[in-house]
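Participant: A single structure is presented below for examination.
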Amino acid sequence: MCGIVGYIGSQSASTILLEGLRRLEYRGYDSAGIATIQEGTIHCVRAKGKLDNLQKKLAGDENLAPLGIGHTRWATHGKPEEYNAHPHMDTNSRIAVVQNGIIENYQKLRELLKTKGHQFRSDTDTEVIPHLIAESLQSLRSTQSVPPSPLPSSLVQAVCQAVVQLEGAFAIAVIAADYPDELIVARQQAPLVLGLGQGEFFCASDIPALVPYTRSVLPLENGEIARLTPLGIEVYTFSGQRLRKTPRTLNWNPVMVEKQGFRHFMLKEIYEQPGVVRTCLETYLNSEWSPDTPASPIHFPFSKDFYSGLQHIQIVACGTSWHAGLVGKYLLEQLAGIPTVVNYASEFRYAP
């Protein structure tokens with residue numbers, strides 16, 4: 005699960021990006037990076053390991069660029085190395101992209117792009133996105149008679165043309181050296197929320213990254229793309245239809261958002277466990293059951309035929325839920341005698 009942060013406004017983007025990424029550290033990561041636009045070029049800095057490593061690489065860098073994107077990566081495709089860290093760029097380093105999710109058809113797209121002369125520097129699925137955008141931009145520029153489009157810029161059009169080629173769940177943020185006043189974001193089955201400030205605008209994969217700067221937020225829905233400029237936010241569908249959306253105001257303070265009053269996220273999760281167990285019991289236990297009734301104390305929405313033919317169980321989970329699944333495996337095999345396998349969710353669909 006990766007973290008995304010983006011900023012466009014009048015302040016130093018790198019400072020805001022680093023702070024936003026720190027507020028997303030709870031999502032887990034093995035590398036981090038940011039990209040800003042300075043004097044017509046993209047300045048990209050990445051580091052393996054903790055955010056402190058990235059901050060050290062940025063130390064002494066007088067970067068006042070008011071536009072940038074940042075990312076913390078949890079490796080899925082490609083080793084946790086600096087060359088696989090986000091942001092990723094196209095062959096000419098004119099477009100930078102960060103992504104949270106998995107692009108299922110990246111190998112097919114990668115091979116297609118190679119035949120058109122695109123050169124790749126990483127093993128990741130994300131890297132195909134800036135190359136697709138670059139390819140679309142080149143096509144738009146070379147076309148003599150471009151049909152009218154409801155989209156306000158060539159960059160938005162190019163991103164739309166790119167995302168409709170992607171299969172999988174993703175949220176992306178895009179900047180381009182030739183479009184220094186635009187930050188483009190898109191969402192499909194992965195969280196992304198926009199923040200509205202006074203003459204500055206934000207994007208992030210979760211609200212805690214935005215709360216220090218604004219309480220006015222606008223969550224993107226599946227199949228939506230947004231153009232952020234110093235003047236405001238425009239939201240469209242992937243097909244180019246303009247949407248009128250109203251932001252909502254958060255009543256939370258940063259502490260409430262991040263830890264809900266607990267000192268640590270670990271404590272928060274520990275104290276949430278009784279409520280989780282209670283909810284599970286209330287869902288699956290028959291509240292009217294008593295020892296002198298023939299009815300089962302357990303209520304599952306399945307017929308007896310479902311259980312009679314049960315020969316194998318698959319548990320799919322992530323993080324602490326995966327560890328809980330290991331306990332469930334032990335109980336199911338020891339008490340019910342049913343062979344059980346616990347799979348990590350991000351790897352399940354690729355398992356044989």
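The number in the working numbering is simply the position in the sequence shown, starting from 1, with 4 added. No residue lacks a Cβ here, since even glycine has one placed at the ideal position from N, Cα and C. Quantities reported herein were computed from a predicted structural model and do not represent experimental measurements.
Is the distance from the Cβ of Ile12 to the Cβ of Leu187 below 7 Å?
Facilitator: Residue mapping note: residue 12 aligns to position 8 of the sequence shown, counting from 1. Residue mapping note: residue 187 aligns to position 183 of the sequence shown, counting from 1. Their beta carbons are under 7 Å apart, which means Ile12 touches Leu187 by this criterion.
Participant: Taking Cβ positions, are Ile107 and Pro134 nearer each other than 7 Å?
Facilitator: Here residue 107 refers to the residue found at position 103 when the sequence shown is read from its first residue. Here residue 134 refers to the residue found at position 130 when the sequence shown is read from its first residue. Their beta carbons are not under 7 Å apart, which means Ile107 does not touch Pro134 by this criterion.
Participant: Spell out the partners DSSP gives Asn347 in its beta bridges.
Facilitator: The count along the sequence shown starts at 1 and reaches residue 347 at position 343. In DSSP, Asn347 forms a bridge with Val320.
Participant: I'd like to know whether the C-beta of Ser209 is nearer than 7 Å to at least one C-beta of chain E.
Facilitator: Going by chain labels, chain E is absent from the structure shown, which holds only one protein chain.
Participant: Between which two residues does the alpha helix (DSSP H) containing Arg26 stretch?
Facilitator: Within the sequence shown, residue 26 is the residue found at index 22, counting from 1. Unbroken alpha helix (DSSP H) run through Arg26: Ala17 to Arg26.
Participant: Among Leu335, Pro184 and Ser14, which residue has its Cα nearest to the Cα of Phe205?
Facilitator: For the purposes of this step, residue 205 is taken as residue 201 along the sequence shown, with counting starting at 1. Residue Ser14 is the option with its Cα nearest to Phe205.
Participant: Taking Ile106 as part of the beta strand (DSSP E), name the residues at either end of that continuous run.
Facilitator: For this step, residue 106 is matched to residue 102 along the sequence shown. Ile106 -> beta strand (DSSP E) spans Ile99 to Ile107.
Participant: Pull up the distance between the alpha-carbon of Thr360 and that of Ser35, whole angstroms please.
Facilitator: The structure shown has nothing for residue 360, since the chain only spans 5 to 356.
Participant: How would you write the range of the alpha helix (DSSP H) that Arg219 sits in, first residue to last?
Facilitator: Working through the sequence shown from its first residue, we reach residue 219 at position 215. Per DSSP, Arg219 belongs to no alpha helix (DSSP H) and is neither H nor E.
Participant: How far does the beta strand (DSSP E) with Cys6 in it extend, from its first residue to its last?
Facilitator: Indexing the sequence shown from 1 puts residue 6 at position 2. No beta strand (DSSP E) contains Cys6, which DSSP labels as neither H nor E.
Participant: Hey, is the region 47-56 in contact with the region 74-93, meaning 3+ C-beta pairs nearer than 8 Å?
Facilitator: Because the criterion of three Cβ pairs below 8 Å is met, the region 47-56 and the region 74-93 touch.
Participant: Using a 10 Å radius around the Cβ and a threshold of 16 neighbouring Cβ atoms, would you call Ala166 buried or exposed?
Facilitator: Walking along the sequence shown from the start, residue 166 turns up at place 162. Answer is buried; the Cβ neighbour count reaches 16.
Participant: Take the Cβ of Cys284 as the centre, count every other Cβ of all protein chains shown within 10 Å, and call the residue buried at 16 or more, exposed below.
Facilitator: If you number the sequence shown from 1, residue 284 lands on position 280. Cys284 should be labelled exposed.
Participant: What are the boundary residues of the alpha helix (DSSP H) that Tyr311 is part of?
Facilitator: Against the sequence shown, residue 311 aligns to sequence position 307. Element bounds for Tyr311: Lys308 to Ser312.
Participant: Just list the alpha helix (DSSP H) runs in the region 149-188, keeping only unbroken ones of 4 residues or longer that don't cross its boundaries, in chain order.
Facilitator: The region 149-188 contains these whole alpha helix (DSSP H) runs: 158-167.
Participant: In chain order, which continuous runs of the alpha helix (DSSP H) of length 4 or greater are located wholly inside the region 126-152?
Facilitator: With a minimum length of 4 residues, the continuous alpha helix (DSSP H) runs that stay inside the region 126-152 are 132-146.
Participant: Determine the extent of the alpha helix (DSSP H) in which Gln59 is found, giving its start and end residues.
Facilitator: Position 55 of the sequence shown, counting from 1, holds the residue named residue 59. Gln59 -> alpha helix (DSSP H) spans Leu55 to Leu62.
Participant: Output the distance between the C-alpha atoms of Val297 and His303, rounded to the nearest integer angstrom.
Facilitator: Along the sequence shown, read from residue 1 onward, the residue named residue 297 stands at position 293. Along the sequence shown, read from residue 1 onward, the residue named residue 303 stands at position 299. Note that residue 297 is Thr in the sequence shown, not Val. Approximately 14 Å, taken between the alpha carbons.
Participant: By Cβ distance, which residues of its chain are closer than 8 Å to Glu29, with the 5 residues on each side in sequence left out?
Facilitator: Sequence index remark: in the sequence shown, residue 29 carries index 25 (1-based). Taken in chain order, the residues that qualify are Gly7, Leu55 and Thr76.
Participant: Could you pull the start and end residues of the alpha helix (DSSP H) that Arg114 belongs to?
Facilitator: Locating residue 114 in the sequence shown gives position 110, counting from the first residue. Counting along the chain, the alpha helix (DSSP H) containing Arg114 begins and ends at Tyr110 to Thr119.
Participant: Does Ser4 come out as helix, strand or coil in the three-state DSSP assignment?
Facilitator: Because the chain in this structure spans residues 5 to 356, residue 4 falls outside the shown range and cannot be described.
Participant: Could you tell me the alpha carbon to alpha carbon distance between Ala177 and Leu68, rounded to whole angstroms?
Facilitator: The residue given as residue 177 occupies position 173 in the sequence shown. The residue given as residue 68 occupies position 64 in the sequence shown. C-alpha separation (whole angstroms): 20 Å.
Participant: Under a Cβ-count criterion, where at least 16 other Cβ atoms within 10 Å of its own Cβ denotes burial, should Gly323 be classed as buried or exposed?
Facilitator: Within the sequence shown, numbered from 1, the residue matching residue 323 stands at position 319. Burial call: exposed.
Participant: Phe174: buried (16+ other C-beta within 10 angstroms of its C-beta) or exposed?
Facilitator: Translated into the one-based positions of the sequence shown, residue 174 becomes position 170. Label assigned to Phe174: buried.
Participant: Would you check if there are 3 or more beta carbon pairs closer than 8 Å linking the region 206-217 to the region 238-248?
Facilitator: No, the region 206-217 is not in contact with the region 238-248.
Participant: Would you check if the distance between the CB atom of Leu155 and the CB atom of Gln161 is smaller than 7 Å?
Facilitator: For the purposes of this step, residue 155 is taken as the residue at position 151 of the sequence shown. For the purposes of this step, residue 161 is taken as the residue at position 157 of the sequence shown. Contact: yes.
Participant: Report back the beta-carbon spacing between Tyr217 and Gly203 to the nearest angstrom; my notes put them in contact at under 8 Å.
Facilitator: In the sequence shown, residue 217 corresponds to position 213, counting from 1. In the sequence shown, residue 203 corresponds to position 199, counting from 1. Between Gly203 and Tyr217 the Cβ distance is about 12 Å, and since that is not below 8 Å, they are no contact.
Participant: May I have the straight-line CA-CA distance separating Gln59 from Leu22, to the nearest angstrom?
Facilitator: In the sequence shown, the residue the question calls residue 59 occupies position 55. In the sequence shown, the residue the question calls residue 22 occupies position 18. Whole-angstrom Cα-Cα distance: 8 Å.
Participant: Taking the straight line between their C-alpha atoms, what separation do you get for Leu141 and Lys333?
Facilitator: The count along the sequence shown starts at 1 and reaches residue 141 at position 137. The count along the sequence shown starts at 1 and reaches residue 333 at position 329. In a straight line, the C-alpha of Leu141 is about 51 Å away from that of Lys333.
Participant: Could you tell me which of Gly329, Leu196, Gln338 and Ile38 sits nearest to Ile179, measuring between CA atoms?
Facilitator: Along the sequence shown, read from residue 1 onward, the residue named residue 179 stands at position 175. If we check each option's Cα against that of Ile179, Ile38 comes out closest.
Participant: For His122, I'd like the list of residues in its chain whose CB is within less than 7 Å of its CB, leaving aside the five on either flank, ordered along the chain.
Facilitator: One-based indexing of the sequence shown puts residue 122 at position 118. Once the five neighbours on either side are set aside, the close Cβ partners of His122 are Thr95 and His135.
Participant: In the DSSP assignment, the beta strand (DSSP E) including Tyr240 goes from what residue to what residue?
Facilitator: Translated into positions along the sequence shown, residue 240 becomes position 236. That run of the beta strand (DSSP E) goes Gly236 to Thr241.
Participant: Return the Cβ separation of Ala181 and Gly44 in integer angstroms, given the expectation that the two are a contact with Cβ distance under 8 Å.
Facilitator: Taking the sequence shown and counting its residues from 1, the one referred to as residue 181 is at position 177. Taking the sequence shown and counting its residues from 1, the one referred to as residue 44 is at position 40. Confirmed, Cβ separation roughly 6 Å.
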